[in-house]
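Engineer: The opening residue of the sequence shown carries number 20 in my numbering; numbering runs sequentially from there.
Please read through the structure below; I'll follow up with questions.
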Amino acid sequence: MQMMSLSGAFLRSAQVLGLLALASHPAYSQALIDEITIVNAWFDDDASLRAVTPFLGHAQIDRDKGVLRTEADAELRRALKAAGMRVETDIEGTLANRRLFNAERVGMKSIPGFACYRTVEETEATMQSLVASAPSLAEIIDIGPSWQASQGLGGYQLKVLRVTNRSIVGPKPKVFIMTSVHAREYTPAEFSTRFVEQLINAYGVDADATWLIDHHEIHALLQANPDGRKRAETGLSWRKNTNSNFCGGGNSAGVDLNRNFPFEWGNWNGSSNAVCDGTYRGPAAQSEPETQAIVAYARSIFEDRRAPEFSAPAPADTPGIFFDVHSFSGLVLWPWGMFTGDSPNSVAFEAIGRRLAWFNRYTPQQSVGLYPTDGTTDDFAYGDLGVASFTFELGSAFFQDCASFESTVYPDNRRALLYALRSARAPYQLPAGPDVYAMGVTPDLALVGESVTVNATFDDLRQREGSFTEAGAQPATQNIVSASAYLSVPPWQAGAAAQAMQPSDGAFDAKVEIAQRGISTGTLPAGRHLLYVQGRDSAGNDGPPAATFIDLRAPQDVFTLAGTVREFGTQTPLEATISAGMFTSQTDPNDGSYQRRLPLGTYSVAYAAEGHETDVRSGVSGQGGQTLASDVQLYRLCGLLTDPVDLAITSPLTAQTPPTLWTRRAGGVNGGFIWLPSVSGSYANNQNTALSSAVVDLSGYAGAQLTFDQRCDTEAGYDFGRVEISTSGGSSWSEVFRCNGETQWRRVTLALPQLDGASNARLRFRFTSDSSQVASGWALDNITLRAGGAICRASQGDPRGVPFHNGFEAVGVR
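Following this line, the structure appears as structure tokens:
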């Protein structure tokens, strides 16, 4: 259902119609409607929030807006109203939530309706596979039973995947990651599973993955509540464990494990003592076997570094990080969650919290800023052990769709977690210093004895929103004053030799600096060698290190690809990327020439240029010292839909009516016009409006690609621009892209293999907003849908349609 609102009256009528639609929908009985809906509850002060805090589980709170968004049964809806809140049903959110119950559940492996999320069994199978493929890096540790297993009622064992290079001795900082302790939160378990999976698979290929595994221990409890998760996989909105001793063993049975931890259990009105409530804390602290297992394991891997008094800080050099990953709300949280007073390490918590939030664009705040809680994981890990503890609230939906998870939620939070690992040796100190990124070594494949140059960017501005005070009462950001490179031996180890890097502009005098250093490989043997870099700011803060590889080979162990990349027919030189395994090179855009040195082996070599069909040539190999030459011609992709958003050109996109809220206005990337979801000024509240294409026939086409320029000046986390596609002429739609809160223009390129060969394809650009802040909106320009394939190639003068082949020729030996 699409709902658009220009006034309160329209909204109310739409809600009535939506409720009628919900009530008449064949998948939803009246009992289900009464049981759970998604609501927005408007409040005037924190007193109202505190009154309902013990009942809140899956909730998003925005104090600036004065709105609480939550999943609510009839009892919680009554409690919200009793607290003086105005409660409105979110029809679209409720319908999306209920679709889960209508999914086909027979003969499917992954979670019905959410194919990107692994089940408990699939998660365990992944763990076993990783151990089998990398036994020196990964092992599974059984830490204790679930409630059902402890009672002989089936159930599961809680299993930690421990990741480290066991051949390298410590001491090593520990990072503990636990996910989906609330069963219905699908996203976290899949996030952590993919994170460790990608980290292990990248070992020896990616420099950061390699040194992080060499010099850290990552402990991942991927399914922290497996019994409850199995209930949730059937479509139940299950939060707690499955302890049937409470609430009569029905669908509200169990204990909220994230209110059952022993630190300050039940002391701050941040949990419930009513057995059927979603936040029921259990009959006693640490009463549940899952909690007991997690507490014992955390105490076994982390040294206790904090005195028991609330005012006692953990020492600044305390290593290690504890993560509890939840969904949803788009938050980075740190202790305390019990009350509004600062923790004794609050300045350092804020420093790393804001750094982490830079990567995922979430709101960083103390946990209590969401709502008061007690008996939680992060307060336990910090309060009991002094370890730096954080909670991530992933994503923007109760049940995050796979497209958003894979395109945004996972990659953004993966970068945040990698930053945390790089800081884990001293998380209360390193985030105060500058970050380092965009590292590279030239040449990336060097001959033994050949000197190389390392380049990197050092940045003290990478923090999310506002200013804060770092340790020592220094300003929030400082200038970079030095940068150093360390060959083979990391900077914290004895014997590390710092090699000073030089600023590219001649002086270290800014908060962002690019620096480089020539590195002599001397007598280093052939192989891959880690090169670490680290920056320091004017306050004397060293930032977290990062690493890259120096790859050295003997001359007889490499061969070279060489040639040009041009456009088929026109012979125009192309700015192209040549990829062979982990190695990439760029052509010279002036003449299209390239050279790519490769280790001996057999490769699939890909030639890619924007707006052109990628040419992949397989079985490419050469002899030591040999040069293989090949000139490559790439076909243009054929334009199937083009909208430059020029007023003088009829647009292939149709604005939704009534009313028409998409207009073409001045302000485009090239000085022309743009699409905006407003008639003038800012977009409206409660807007849901679309630009849609007619049916596009892609029969005979392949490699579909959508490109557009966008500026997403919206309220981040609440108002979204969405790209959706259909292969059924518009009877159903799938989201493939979402933006929010991007105020700078950027080009977006989306590969859409789902449309290849589709005879009834359509595109839709849909904008949605909530009922609070507004801005200029989602600006779109230069929209183009293109595709290649046999028909497209034939139109460019090649009747064969498929000319690609291995056209390399040996032209010489050095």
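Idealized CB from N, CA, C, for every residue including glycine.
Keep in mind it's a predicted model, so treat the numbers as computed, not measured.
Going by beta carbon distance, what residues of the same chain come within less than 7 Å of Trp511, once the five residues before and after it are set aside?
Structural biologist: For the purposes of this step, residue 511 is identified with residue 492 of the sequence shown, where counting begins at 1. Here the set comprises Arg444.
Engineer: Give the secondary structure of Trp764 by DSSP, where H, G and I count as helix, E and B as strand, and everything else as coil.
Structural biologist: To locate residue 764, count along the sequence shown from 1; it is residue 745. It is a strand residue.
Engineer: Can you list, in chain order, the stretches of the alpha helix (DSSP H) that have 4 or more residues and sit fully within the segment 53-85?
Structural biologist: Complete alpha helix (DSSP H) runs here, min 4: 65-71.
Engineer: By Cβ distance, which residues of its chain are closer than 6 Å to Ala335, with the 5 residues on each side in sequence left out?
Structural biologist: Here residue 335 refers to the residue found at position 316 when the sequence shown is read from its first residue. So the list reads Tyr447, Gln448, once near-sequence residues are dropped.
Engineer: Looking only at its own chain, which residues have a Cβ that is under 8 Å from the Cβ of Leu299, when we skip the five neighbours before and after it?
Structural biologist: Indexing the sequence shown from 1 puts residue 299 at position 280. It is Tyr, not Leu, that sits at residue 299 in the sequence shown. Here the set comprises Lys259, Phe265, Cys266, Gly273, Val274, Asp275, Arg278, Ser290, Ser291, Asn292, Ala293.
Engineer: Using 8 Å as the threshold, is the C-beta distance between Arg781 and Ser745 below it?
Structural biologist: Counting from one through the sequence shown, the residue named residue 781 turns up at place 762. Counting from one through the sequence shown, the residue named residue 745 turns up at place 726. In this structure, Ser745 lies closer than 8 Å to Arg781 by Cβ.
Engineer: Measuring alpha carbon to alpha carbon, tell me which residue in Ala504, Thr603, Val314 is nearest Arg616.
Structural biologist: Here residue 616 is taken as the residue at index 597 of the sequence shown, counted from 1. Here the closest residue by C-alpha is Thr603.
Engineer: Counting along the chain, where does the beta strand (DSSP E) carrying His548 start and finish?
Structural biologist: As a position in the sequence shown, residue 548 is number 529, starting the count at 1. Where His548 is concerned, the enclosing beta strand (DSSP E) stretches over 546-556.
Engineer: So Tyr205 is in the alpha helix (DSSP H); what residue range does that whole segment cover?
Structural biologist: Here residue 205 is taken as the residue at index 186 of the sequence shown, counted from 1. Here the alpha helix (DSSP H) through Tyr205 covers 205-220.
Engineer: Short check: CB of Gly686 to CB of Ala806, under 8 Å?
Structural biologist: The count along the sequence shown starts at 1 and reaches residue 686 at position 667. The count along the sequence shown starts at 1 and reaches residue 806 at position 787. Not in contact: Gly686 and Ala806 (Cβ atoms no closer than 8 Å).
Engineer: Ser649 bridges to which residues according to DSSP?
Structural biologist: Mapped onto the sequence shown, residue 649 falls at position 630. Answer is none; Ser649 lacks a bridge partner.
Engineer: Quick test of your reading: Arg10 and His238, contact by CB under 8 Å. State the CB separation rounded to the nearest angstrom.
Structural biologist: Since the first residue of the chain shown is 20 and the last is 833, residue 10 is not available in this structure.
Engineer: With contact counted as at least three CB pairs below 8 Å, one residue from each stretch, are the segment 519-539 and the segment 458-478 in contact?
Structural biologist: Verdict: yes, contact present.
Engineer: Given this structure, state the Cα-to-Cα distance separating Gln792 from Trp61, to the nearest angstrom.
Structural biologist: Sequence index remark: in the sequence shown, residue 792 carries index 773 (1-based). Sequence index remark: in the sequence shown, residue 61 carries index 42 (1-based). Looking at the two C-alpha atoms, the distance is approximately 15 Å.
Engineer: Quick one: which unbroken alpha helix (DSSP H) runs of 4-plus residues sit fully inside the segment 427-470? Chain order, please.
Structural biologist: Entirely contained in the segment 427-470, the alpha helix (DSSP H) runs reaching 4 residues are, in chain order, 429-442.
Engineer: Which value, in whole angstroms, describes the spacing of the CA atoms of Met127 and Leu660?
Structural biologist: The residue labelled residue 127 in the question sits at position 108 within the sequence shown. The residue labelled residue 660 in the question sits at position 641 within the sequence shown. Confidence at Met127 is low in this model, with a pLDDT of 36, below 50, so the placement of that residue should be treated as unreliable; the coordinate-derived value is given next. Between Met127 and Leu660, the C-alpha separation is close to 37 Å.
Engineer: Cβ atoms of Ala331 and Pro363: under 8 Å apart, would you say?
Structural biologist: As a first step, residue 363 must be located in the sequence shown, where it is residue number 344. As a first step, residue 331 must be located in the sequence shown, where it is residue number 312. In this structure, Ala331 lies closer than 8 Å to Pro363 by Cβ.
Engineer: What residue range does the alpha helix (DSSP H) around Ala168 cover?
Structural biologist: Indexing the sequence shown from 1 puts residue 168 at position 149. Here the alpha helix (DSSP H) through Ala168 covers 166-169.
Engineer: According to DSSP, simplified to helix, strand and coil, what is Ser814?
Structural biologist: Residue 814 sits at position 795 when you count from the first residue of the sequence shown. Looking at Ser814 - three-state DSSP - the assignment turns out to be helix.
Engineer: Which word fits Asn286, buried or exposed, when buried means at least 16 other C-beta atoms lie within 10 angstroms of its C-beta?
Structural biologist: As a working note, residue 286 is residue 267 in the sequence shown. So Asn286 counts as exposed.
Engineer: Excluding the five sequence neighbours on either side, which residues of its own chain have a C-beta within less than 7 Å of the C-beta of Gly831, listed in chain order?
Structural biologist: Numbered from its first residue, the sequence shown carries residue 831 at position 812. For Gly831, the predicted model reports a pLDDT of 48, less than 50, meaning its position is unreliable and no value from the coordinates is stated.
Engineer: Drop a sphere of 10 angstroms on the beta-carbon of Ser415, count the other beta-carbons inside from all chains shown, and report buried for 16 or more, exposed for fewer.
Structural biologist: Mapped onto the sequence shown, residue 415 falls at position 396. By the 10 Å Cβ count, Ser415 comes out buried.
Engineer: So if DSSP puts Phe786 in a beta bridge, which residue, or which two residues, is it bridged to?
Structural biologist: Here residue 786 refers to the residue found at position 767 of the sequence shown. Answer is Thr708, Gly740.
Engineer: Would you mind reading off the limits of the alpha helix (DSSP H) that contains Pro308?
Structural biologist: Position 289 of the sequence shown, counting from 1, holds the residue named residue 308. From DSSP, the alpha helix (DSSP H) with Pro308 extends over 308-320.
Engineer: Starting from Gly722, follow the beta strand (DSSP E) in both directions and report where the run begins and ends.
Structural biologist: Looking up residue 722 in the sequence shown gives position 703. Looking at the DSSP string, the run of the beta strand (DSSP E) that includes Gly722 is 721-732.
Engineer: Below 8 Å between beta carbons: does that hold for Thr142 and Leu241?
Structural biologist: On the sequence shown, residue 142 is found 123 positions in, with the first residue counted as 1. On the sequence shown, residue 241 is found 222 positions in, with the first residue counted as 1. Contact flag set, yes.
Engineer: Thr6 to Thr596, Cα distance in whole Å?
Structural biologist: Residue 6 is absent from the structure shown; the chain starts at 20 and stops at 833.
Engineer: Give the C-beta separation of Arg433 and Phe214 to the nearest angstrom, bearing in mind that I take them to be a contact with Cβ-Cβ under 8 Å.
Structural biologist: Residue mapping note: residue 433 aligns to position 414 of the sequence shown, counting from 1. Residue mapping note: residue 214 aligns to position 195 of the sequence shown, counting from 1. Yes, Arg433 and Phe214 are in contact; Cβ-Cβ is about 6 Å, under 8 Å.
Engineer: Can you tell me where the beta strand (DSSP E) holding Tyr299 begins and where it ends?
Structural biologist: Here residue 299 refers to the residue found at position 280 of the sequence shown. Per DSSP, Tyr299 belongs to no beta strand (DSSP E) and is neither H nor E.
Engineer: In this structure, does DSSP put Trp19 in helix, strand or coil?
Structural biologist: Not covered by the structure: residue 19. The range shown for the chain is 20 to 833.
Engineer: Identify every residue that forms a DSSP beta bridge with Gln384.
Structural biologist: As a position in the sequence shown, residue 384 is number 365, starting the count at 1. Beta-bridge pairing links Gln384 to Leu352.
Engineer: I'd like the list of long-range same chain contacts for Gln493, defined as Cβ closer than 6 Å, with 5 residues on each side in sequence excluded.
Structural biologist: Locating residue 493 in the sequence shown gives position 474, counting from the first residue. Its pLDDT being 40, under 50, Gln493 is placed unreliably by the model, and the measurement read from it follows with that caveat. Closer than 6 Å at Cβ, skipping near neighbours: Ala558.
Engineer: Is there contact here, the segment 389-404 with the segment 152-166, by at least three beta-carbon pairs under 8 Å?
Structural biologist: Segments in contact, no.
Engineer: CA-CA distance, Ser365 and Ser408?
Structural biologist: Locating residue 365 in the sequence shown gives position 346, where the first residue counts as 1. Locating residue 408 in the sequence shown gives position 389, where the first residue counts as 1. For Ser365 and Ser408, the distance between alpha carbons rounds to 11 Å.
Engineer: Would you kindly check if the distance between the Cβ of Trp764 and the Cβ of Pro696 is under 8 Å?
Structural biologist: Here the question's residue 696 lines up with position 677 in the sequence shown. Here the question's residue 764 lines up with position 745 in the sequence shown. Going by C-beta atoms, Pro696 is not nearer than 8 Å to Trp764.
Engineer: I need the straight-line Cα distance from Glu754 to Thr198, nearest angstrom please.
Structural biologist: Working through the sequence shown from its first residue, we reach residue 754 at position 735. Working through the sequence shown from its first residue, we reach residue 198 at position 179. Their backbone Cα atoms lie some 26 Å apart in a straight line.
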